[in-house]
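Trainee:
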Amino acid sequence: MTTINDVSSLANVSKATVSRVFSGNAKVKEETRQAVLKAARSLGYNPEQTSALLSDRAHATSTAAVKPGTLGMIVSQMSSLSFGQFYNTAQQYAHSKGLQLQLFNSCNNAFQEKSYLSVLLGSGCETIVLIDPMLKASDIQDFDVDSQRILSFSAKEELSQFAFGYDHAAACASACNFLMAHKHTEIALISGSGSQSISYIEGFKHGHQRRSMPFNAQLIIENIEDGAAAATELSGFIGDFSAVITATDQMAAEVMATLRQFGYEIPKNVSVISLEGSELAQYTFPRLTTVEMPLSSMVEEIIDICITRAESADETHDSEVKRLTGKLVIRESVAKYCPHTDNDVLPRSLHRKN
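In structure tokens form, the structure reads like this:
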């Protein structure tokens, strides 16, 4: 069976781009759109038919019976490592509150997110939560259901009914600040993809501006989820870098392994810090310094808000601006920057600047 992965590979674009094309997103170049549609049809994958199927589902779910005490969640921008921890925490807390919970991870895929929303509505979930959603308001309106049933949470006020969520930009600024306190000035960022990537880049720039330090735009690597590929790109950079910030722990582990292949020592030549903080961080070599996401706090506050709204459905609720911030967990992957000497054995790219 042909999948979005097959289409993205043949069209030589990301899965997110394929998803945007299939969902009718206007922010896709016409040339790219046609390339994706051509690839899809050559593989026997009919995006028009799939979109029509979703439309039929949306109509069917609008009349599904609502089951009290049921909660659905869709997380759109979370790695599989963090999602596992988030899933367990959410299930335990929901159970303690007497709720039945269904939870999905759409992995930065708006098309998949819409499909999961259809499933949750069709199963009769009383309340459905979208966390850092990729769907637009018009996508949700296609389902023709009571808007009070679908709640979106994001630290970006313009994307959410509730200006509540994890502040990705602040996490990246905090990582910059920590590295700069260790005398690093040439810092690279591997930001991943999606709106989360945009927030990380904003935080990266803000972190430099706050210290009145310039940043090198060439050291910002976007839309690459593979840490090994990103590290290879960095290794070819004509210049110097002494620290790397990654969006996820998996990226960081791949970056450290790949940089060692190019002759870098971690953290002697390059320090590495991740913006995730999953269990993997404790098992990398060296152990990974992170800005840890407060998953337990996110789960509990979101579920509590849902319960409060369900108990006072007829009342007007003001949107309170609240952003959760990460916790710096210091391990061995970051060291103070030490200028190298002529006697040091260094990777080729570090010699170029001397």
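No gaps in the numbering here: position 279 of the sequence shown is 281 in this note's numbering, and each next residue is one more. We put the beta carbon where it would ideally sit given N, CA and C, even for glycine. Computed from a predicted structure; not experimentally measured.
Just to check my reading of the structure: N110 and G196 have Cβ atoms closer than 8 Å, yes? What is that Cβ distance to the nearest angstrom?
Mentor: That belief holds up - the Cβ atoms of N110 and G196 are roughly 4 Å apart, short of 8 Å.
Trainee: Does the separation of the CB atoms of I76 and L132 fall below 9 Å?
Mentor: Yes; because the gap between Cβ atoms is below 9 Å, this pair is in contact.
Trainee: Between the Cα of A254 and those of D242, F287 and F243, spot the shortest distance and give me the residue it belongs to.
Mentor: Considering only alpha carbons, the answer is F287.
Trainee: For N7, is the classification buried or exposed, using 16 other Cβ atoms within 10 angstroms of its Cβ as the cut-off for buried?
Mentor: Burial call: exposed.
Trainee: Which residues does DSSP pair with M75 in a beta bridge?
Mentor: Answer is L105 and V131.
Trainee: If you reduce the DSSP assignment to three classes, tell me which class F155 lands in.
Mentor: Note: F155 maps to strand in three-state DSSP.
Trainee: Whole angstroms are fine: how far does the CA of M215 sit from the CA of T187?
Mentor: C-alpha separation (whole angstroms): 8 Å.
Trainee: Express the C-alpha separation of S201 and V136 in angstroms, rounding to a whole number.
Mentor: Sequence check: residue 136 is Met here, not Val. Whole-angstrom Cα-Cα distance: 14 Å.
Trainee: Mark A183 as exposed unless 16 or more other C-beta atoms lie within 10 angstroms of its C-beta, in which case mark it buried.
Mentor: With fewer than 16 Cβ atoms within 10 Å of its Cβ, A183 is classed as exposed.
Trainee: Could you tell me the alpha carbon to alpha carbon distance between Q102 and V68, rounded to whole angstroms?
Mentor: Rounded to the nearest angstrom, the two C-alpha atoms are 13 Å apart.
Trainee: Our contact map puts V293 next to G279 with C-beta atoms below 8 Å; I'd like the distance itself, whole angstroms only.
Mentor: Confirmed, Cβ separation roughly 7 Å.
Trainee: Could you check if T310 is buried or exposed, using at least 16 other CB atoms within 10 Å of its CB as the buried criterion?
Mentor: Burial call: exposed.
Trainee: Curious, which full-length beta strand (DSSP E) runs of at least 3 residues does the region 243-320 contain?
Mentor: As far as the region 243-320 is concerned, its whole beta strand (DSSP E) runs of at least 3 residues are 245-248, 273-276 and 291-294.
Trainee: Does the Cβ-Cβ distance between T72 and C127 come in under 9 Å?
Mentor: The answer is yes: Cβ separation under 9 Å.
Trainee: With contact counted as at least three CB pairs below 8 Å, one residue from each stretch, are the region 259-279 and the region 240-249 in contact?
Mentor: Yes, since at least three Cβ pairs between the region 259-279 and the region 240-249 fall closer than 8 Å, the two stretches touch.
Trainee: Identify which residue in E303, S120 and A337 has its Cα closest to the Cα of E267.
Mentor: Out of E303, S120 and A337, A337 has the C-alpha closest to the C-alpha of E267.
Trainee: Would you call Y339 buried or exposed, if buried means 16 or more other Cβ atoms sit within 10 Å of its Cβ?
Mentor: Buried is the call here.
Trainee: Rounded to whole angstroms, what's the CA-CA distance from V331 to A139? Just pull it up for me.
Mentor: Going from the Cα of V331 to the Cα of A139 covers about 37 Å.
Trainee: Can you pull the DSSP bridge partners for R325?
Mentor: Per DSSP, G167.
Trainee: Beta-carbon within less than 7 Å of S84's beta-carbon, same chain only, minus the 5 sequence neighbours each way: which residues are those?
Mentor: Only E278, S280, M295 and L297 meet the Cβ criterion.
Trainee: Name the DSSP bridge partner or partners of A190?
Mentor: In the DSSP output, where bridge partners are listed per residue, A190 has V246.
Trainee: Just curious, the beta strand (DSSP E) that E224 is in, first and last residue?
Mentor: It spans I222 to E224 - the beta strand (DSSP E) in which E224 sits, taken as one unbroken run.
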